[in-house]
Amino acid sequence: MGRFDSAWANDLVDFFEADDQRLQREIAFLVDRRNKIAHGLNEGIGPVKALALKEIACEVGDWFIARFNPDR
11 MGRFDSAWAN
21 DLVDFFEADD
31 QRLQREIAFL
41 VDRRNKIAHG
51 LNEGIGPVKA
61 LALKEIACEV
71 GDWFIARFNP
81 DR
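The opening residue of the sequence shown carries number 11 in our numbering; numbering runs sequentially from there.
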(Lines of atoms letter the chains of each structure in order from A; the text may use other names.)
(Lines give C-alpha, C1' and ligand atoms only; values in the text may rest on other atoms or scores of the structure.)
Protein backbone atom coordinates (compact mmCIF):
# COMPACT_ATOMS: atom_id res chain seq x y z
CA MET A 11 0.00 0.00 0.00
CA GLY A 12 2.92 2.28 0.66
CA ARG A 13 3.68 2.47 -3.07
CA PHE A 14 0.35 4.21 -3.60
CA ASP A 15 0.23 6.44 -0.56
CA SER A 16 2.15 6.37 2.73
CA ALA A 17 -0.92 7.56 4.65
CA TRP A 18 -2.91 4.66 3.18
CA ALA A 19 -0.19 2.27 4.31
CA ASN A 20 -0.46 3.61 7.85
CA ASP A 21 -4.27 3.43 7.67
CA LEU A 22 -4.05 -0.20 6.54
CA VAL A 23 -1.81 -1.11 9.47
CA ASP A 24 -4.24 0.61 11.84
CA PHE A 25 -7.17 -1.14 10.16
CA PHE A 26 -5.61 -4.58 10.63
CA GLU A 27 -4.46 -3.88 14.19
CA ALA A 28 -7.79 -2.48 15.40
CA ASP A 29 -10.06 -4.53 17.63
CA ASP A 30 -7.18 -6.55 19.09
CA GLN A 31 -5.91 -7.50 15.60
CA ARG A 32 -9.15 -9.29 14.72
CA LEU A 33 -8.82 -8.74 10.97
CA GLN A 34 -5.17 -9.68 10.92
CA ARG A 35 -5.88 -12.97 12.71
CA GLU A 36 -8.87 -13.87 10.56
CA ILE A 37 -7.18 -13.05 7.24
CA ALA A 38 -4.12 -15.05 8.31
CA PHE A 39 -6.44 -17.96 9.15
CA LEU A 40 -8.24 -17.61 5.81
CA VAL A 41 -4.98 -17.63 3.85
CA ASP A 42 -3.68 -20.60 5.84
CA ARG A 43 -6.81 -22.64 5.15
CA ARG A 44 -6.82 -21.64 1.48
CA ASN A 45 -3.23 -22.82 1.13
CA LYS A 46 -3.95 -26.13 2.84
CA ILE A 47 -7.02 -26.77 0.71
CA ALA A 48 -5.09 -25.80 -2.46
CA HIS A 49 -2.49 -28.44 -1.57
CA GLY A 50 -5.06 -31.18 -1.18
CA LEU A 51 -5.60 -31.16 2.56
CA ASN A 52 -9.14 -31.41 3.87
CA GLU A 53 -9.47 -28.79 6.54
CA GLY A 54 -13.12 -29.47 7.31
CA ILE A 55 -14.03 -25.82 7.65
CA GLY A 56 -17.75 -25.62 8.33
CA PRO A 57 -20.28 -23.39 6.64
CA VAL A 58 -20.58 -21.02 9.62
CA LYS A 59 -16.84 -20.30 9.73
CA ALA A 60 -16.66 -20.12 5.92
CA LEU A 61 -19.40 -17.48 5.88
CA ALA A 62 -17.70 -15.56 8.71
CA LEU A 63 -14.44 -15.56 6.74
CA LYS A 64 -16.30 -14.36 3.66
CA GLU A 65 -17.56 -11.39 5.67
CA ILE A 66 -14.01 -10.63 6.83
CA ALA A 67 -12.74 -10.77 3.23
CA CYS A 68 -15.54 -8.42 2.13
CA GLU A 69 -14.70 -6.03 4.96
CA VAL A 70 -11.07 -5.87 3.81
CA GLY A 71 -12.13 -5.61 0.17
CA ASP A 72 -14.45 -2.72 1.02
CA TRP A 73 -11.54 -0.90 2.68
CA PHE A 74 -9.47 -1.20 -0.50
CA ILE A 75 -12.35 -0.17 -2.75
CA ALA A 76 -12.97 2.91 -0.61
CA ARG A 77 -9.31 3.96 -1.00
CA PHE A 78 -9.06 3.29 -4.74
CA ASN A 79 -12.50 4.65 -5.64
CA PRO A 80 -11.85 7.51 -8.07
CA ASP A 81 -15.29 9.03 -7.39
CA ARG A 82 -14.69 9.91 -3.77
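Heads up, the beta-carbon is just placed ideally off N, CA and C, and yes, glycines get one too.
C-alpha gap between residue i and residue j, whole angstroms
i: G12; j: I47; result: 31 Å
i: W18; j: P57; result: 33 Å
i: D42; j: D81; result: 34 Å
i: S16; j: L22; result: 10 Å
i: N20; j: R77; result: 13 Å
i: A28; j: V70; result: 13 Å
i: I75; j: D30; result: 23 Å
i: E65; j: A38; result: 14 Å
Supposed close pair residue i, residue j - CB separation, criterion 8 Å
i: F14; j: W73; result: Rounded, the Cβ-Cβ distance is 13 Å, inconsistent with contact.
Candidates the options, of which the one nearest residue i by Cα
i: A60; options: A28, R44, R77 and V70; result: R44
i: L40; options: A67, G71 and N79; result: A67
Segment contact flag, the segment 44–60 with the segment 23–36, C-beta cutoff 8 Å, min 3 pairs: no
Length-filtered (4 minimum) alpha helix (DSSP H) runs lying within the segment 32–63: none
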